[in-house]
Amino acid sequence: MGRRQDDSTIRQVIADVLGVESVSMSDNPFDLGLTSIQAIRICARIRHDLSLDPAPECLLGSATVAGFVATVRGRG
5 MGRRQDDSTI RQVIADVLGV ESVSMSDNPF DLGLTSIQAI RICARIRHDL SLDPAPECLL
65 GSATVAGFVA TVRGRG
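Residue numbers for the sequence shown follow this note's numbering, beginning at 5 and rising by one.
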């Protein structure tokens, strides 16, 4: 799976868990209603779907979805 597809999958996982239609890279996860339990669920799904290993703390510490994606990819 390509990088762009992975990024899209991560955004879709976040949207699914948060119960919103879509998520943009510039969205703040907390503005979308993110809780710590949802962060754990999001990271578990990313681990399962993409074989990446994000920590919930990375999502909880990110000001934007793009920041989280960059951290997951090792760019942040």
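Note that beta-carbon positions come from the ideal geometry of N, C-alpha and C, so glycine has one too.
If you run the structure through DSSP and keep just helix, strand and coil, what is A70? Three-state DSSP puts A70 in a helix.
For L84, I'd like the list of residues in its chain whose CB is within less than 8 Å of its CB, leaving aside the five on either flank, ordered along the chain. One cannot answer for residue 84 here, as it falls past the ends of the chain, which runs 5 to 80.
Using only the alpha-carbon positions, how far apart do A19 and A43 sit? 12 Å
Tell me the residue span of the alpha helix (DSSP H) that contains V27. Looking at the DSSP string, V27 is not in any alpha helix (DSSP H), and its letter there is neither H nor E.
Please state if the CB of V69 and the CB of D31 are separated by a distance shorter than 7 Å. Contact flag set, yes.
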